[in-house]
Structures are given as structure tokens and as C-alpha cells.
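In what follows, a single structure is set out as C-alpha cells and then discussed.
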Amino acid sequence: MIALALLTGSAACHAAWNLLLKRGGLGGPAFVWLCGLLTLPVSVVLLVRSSLSTVWWAALVSMALHTTYAVTLQKAYAIGDFTAVYPISRGAAPTLVSIATLAWGPEPAADWPASGLRVLAGAGLTFAGVLMMDRPHSRRPARSVVLGLAVAICTTAYTLWDGYAVATLRVDLPAYLAVANLAQVVLLSAVVRDHRQALTQWRQALPIAVLMPASYGLVLVALSFASVGTVAVGRTLNVVLGAALGTIVLRERPRVAGLIVVVAGVLLVTG
Numbered sequence: 001m002i003a004l005a006l007l008t009g010s011a012a013c014h015a016a017w018n019l020l021l022k023r024g025g026l027g028g029p030a031f032v033w034l035c036g037l038l039t040l041p042v043s044v045v046l047l048v049r050s051s052l053s054t055v056w057w058a059a060l061v062s063m064a065l066h067t068t069y070a071v072t073l074q075k076a077y078a079i080g081d082f083t084a085v086y087p088i089s090r091g092a093a094p095t096l097v098s099i100a101t102l103a104w105g106p107e108p109a110a111d112w113p114a115s116g117l118r119v120l121a122g123a124g125l126t127f128a129g130v131l132m133m134d135r136p137h138s139r140r141p142a143r144s145v146v147l148g149l150a151v152a153i154c155t156t157a158y159t160l161w162d163g164y165a166v167a168t169l170r171v172d173l174p175a176y177l178a179v180a181n182l183a184q185v186v187l188l189s190a191v192v193r194d195h196r197q198a199l200t201q202w203r204q205a206l207p208i209a210v211l212m213p214a215s216y217g218l219v220l221v222a223l224s225f226a227s228v229g230t231v232a233v234g235r236t237l238n239v240v241l242g243a244a245l246g247t248i249v250l251r252e253r254p255r256v257a258g259l260i261v262v263v264a265g266v267l268l269v270t271g
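For the sequence shown, position 232 (counting from the first letter as 1) is numbered 232 according to the UniProt record's numbering, and the numbering increases by one without interruption.
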């Protein structure tokens, strides 16, 4: 119940900041750098009050994965429709996580045949739904599908790593998030060329800079109460919220049949 409440709050924050990112036409490493810069004071305070131990190197891996995810997501929104990219990326990710945990997780041998068949069937259903969200004879939606799947792969990578860091390495969560953010700001400071131009977007970046860490911080806390697979499935709430917001706010018209099939596949994977 606690994990569900945390994931519901996370879904609302996540759908909101993704919508703001798409609606504002914002993107590029410079914007990722700016969001990290705005939350840097909080990260410094957390670092002063925390113990690093194994956090620093695990957080560096997390930073690399999350930075790749952020840049890929922005590229996807620059090209594709929100109601295609968002549901695909959020729907395919838990399926990929379930496949990975089935292949490499501590699944009891006696339970593997039944659970394995269910995961594979759910995966097939999910990706059938993804394909249904494409529109024939239109290049843009096809690219939306490809980019949505690319975002899903990035999401899968950081979900698995962060789950390992929290459950196995027992990292101190505030320090973990703080080190990852600090490392991202340092890295992108060397990449971004026009810092002054990026700073002019601080008003658009501020709500995203607040909602982004809040949404994922709630996910990491949820990992303390539930397994990686369960948390990944709970995040399918994002699919429904994102599609609804895209329809209401952006006036886009998602492929409802494909969306329903994606959600059904994810629920089967984790049922």
C-alpha cells in the first residue's frame, strides 16, 4: 500500500514534467544542465549531511544512465507526438525490466516455466500494442515509436541499476541522488557551450527541476518497500496519466486501441 501511494505520486509528477518539457519545446544537454544546476544547492546540503561510502561510484553510473535517458527523451519529444512517445516509453520499460529480471533475477527454478511464459506472452502483447500505435504511411509516428522504444531501453537500464544500488548496495538515498546530480552538472558544464543562453530558460526549467527529482525520488523510496519488477509495473500509471494529459492539454489523438493493448501486456507481465 505504501509503495502504491508513492508510485501514484511519482506518476503524477512524472507525467506533469514530461508534459511541460514537450509543451515548452525545451531540449538539449543545456536544458538538462540547467535543471541540475537549479537543484544543486539542495544536493550540496544533502552531501554535507550524508555519508558517501559506496554511494559515489554507484551514483556516477546512475548519472551516466539518467543523462543518456534525459537527452534521448528530449530528442524523442522534438520529433514525435507526446501521446505516442510517452505511453510507448513508459509501457515498454516495465516489460523490458521484467524480461531482464526473469533472465538474471533470483527466480525459483520451479516457478520459472509458468512465470516465464506469462512474461513472454505479456511482452508480445505489449510490443504488439506499441506497433498498433503507429499510423501507416506516416513517417513521424513511426519515428515516435522508435524513439519511444529507445527511451524505454534507457529507462530499463537506470531502473535495474538503481534498484541494485538501493536493494543490494544499500546506498544512502539522499547522498546517492546528490552525487548523481552534482556529477551531471560538472559533466554537462564541460559540454554546454552557451551557459548564458541556457540560463535565460530558468523559468521554464524550474518546475521541471522540482518535479523531475521528486518523481524519481519517490520511485527510489518505493524500491525500499517493493521489488524492482513491482515498482516497474506500478509506474504504468504514468502511461494512463500521460495519455490523458496529452489528449486534454495538447489536443493530440492517441491510438487508444494500441494504448489499451500496451497496458494489458504490462499487467500480464507482472500479474
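Just so it is clear, CB atoms sit at the ideal spot from N, CA and C, and this is done for glycine as well.
How is Leu-20 classed by DSSP in three states: helix, strand or coil? helix
Which whole-angstrom value describes the C-beta separation of Met-212 and Trp-17, a residue pair presumed to lie in contact below a C-beta threshold of 8 Å? 5 Å
Rounded straight-line distance, which links the Cα of Thr-95 to that of Ala-110: Per-residue confidence for Ala-110 stands at a pLDDT of 44, beneath the threshold of 50, marking its modelled position as unreliable; no derived number is given.
Mark Ile-88 as exposed unless 16 or more other C-beta atoms lie within 10 angstroms of its C-beta, in which case mark it buried. buried
Measuring CB atoms only, is the stretch 139-153 touching the stretch 71-81, in the sense that at least three cross pairs come out at less than 8 Å? yes
Decide if His-137 is buried, meaning its Cβ has at least 16 other Cβ atoms within 10 Å, or exposed. Low confidence applies to His-137: its pLDDT is 44, below 50, so where it sits in the model is not reliable enough to give any reading.
Report yes if the C-beta distance between Ala-78 and Phe-225 is below 7 Å; otherwise report no. Contact flag unset, no.
Count the other CB atoms within 10 Å of the CB of Thr-200; is the residue buried (16 or more) or exposed (fewer)? exposed
Can you tell me whether His-66 is buried or exposed? The criterion is at least 16 other CB atoms within 10 Å of its CB, across all chains shown. buried
For Leu-223 and Arg-23, I'd like the C-alpha separation in whole angstroms. 30 Å
Report all residues from its chain with a CB closer than 6 Å to the CB of Pro-108; omit the five preceding and five following residues, and keep chain order. Confidence in Pro-108 is poor, its pLDDT being 46 and thus under 50, which makes the residue's placement too unreliable to answer from.
Local conformation of Ala-264 per DSSP, three classes: helix
Does the distance from the CB of Ala-59 to the CB of Tyr-176 come in under 7 Å? yes
Is Val-256 buried or exposed, if buried means 16 or more other CB atoms sit within 10 Å of its CB? exposed
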